[in-house]
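In my numbering, the protein residues as written are 434 to 642.
We treat Cβ as the ideally placed atom computed from N, Cα and C, and that holds for glycine.
Below is one structure; the comments refer to it alone.
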């Protein structure tokens, strides 16, 4: 059975704010400043869609957004968001099972890869990578371990909870940073949140010679 956040759609945002305050929100909002005007944007795993409203605060129009979300209940909430005058195409499926198009200027993956095993992450990463144009920007927010004991406790509890409720396959964090390095991306900006447990990183795709 594939993972599904349907059962958590009604409480997901409230739960994240209860546990992490605004850290998860702030990490994603921090990255949105790196979305250029009039760009073509792919958002993968946007959850309840509040990120569309935050994008509209920065760019009220001109963006062409493809929004991919696997959970129908999350998608329903996303489609009710105010995206301003930006053009949004909604795709309700796992991104690796879809063809969202290509030539995107920006990819946004908010807390996506922590759902996957290392092998699945590589598959999903490769599928998204092929959709981003040369020199395009990849904006990724996720968790990381920096050696603090409480991070391990939080992460273990999170995996247990979401494996029970949403049937995610992961039980450990894949090496996301290494995947970007191996995928020919260089880091341009980063910021840490919640005691360095949450990291937001902006990457740029290296143009192939």
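Those residues which DSSP pairs with residue i across a bridge
| i | result |
| --- | --- |
| residue 499 | 475, 522 |
| residue 539 | 474, 570 |
| residue 631 | 576, 626 |
Exposed unless 16 or more other CB atoms sit within 10 angstroms - verdict on residue i
| i | result |
| --- | --- |
| residue 559 | exposed |
| residue 513 | exposed |
| residue 547 | buried |
| residue 575 | buried |
| residue 441 | Unreliable placement is indicated for residue 441, whose pLDDT of 47 sits below 50; the coordinate value is still reported in the next sentence. Label assigned to residue 441: buried. |
| residue 502 | buried |
| residue 480 | buried |
| residue 605 | exposed |
| residue 482 | buried |
6 Å CB neighbourhood of residue i in its chain, flanking five on each side removed
| i | result |
| --- | --- |
| residue 538 | 472, 473, 569 |
| residue 617 | 639 |
| residue 522 | 499 |
| residue 497 | 473, 520 |
| residue 577 | 632 |
| residue 485 | 514, 516 |
Neighbourhood of residue i by C-beta distance below 8 Å, restricted to the same chain and skipping five residues each side
| i | result |
| --- | --- |
| residue 487 | 461, 462, 465 |
| residue 554 | 546, 607, 609, 612 |
| residue 564 | 475, 533, 534, 535, 536, 537, 540 |
| residue 511 | 479, 480, 481, 482, 485, 500, 502, 523 |
7 Å CB neighbourhood of residue i in its chain, flanking five on each side removed
| i | result |
| --- | --- |
| residue 621 | 635, 636, 637 |
(message) Under 8 Å, with one C-beta from each stretch per pair, do the segment 532 to 542 and the segment 558 to 571 reach the 3-pair mark?
(response) yes
Is it a yes or a no for the segment 522 to 535 touching the segment 575 to 595, going by three-plus beta-carbon pairs under 8 Å?
no
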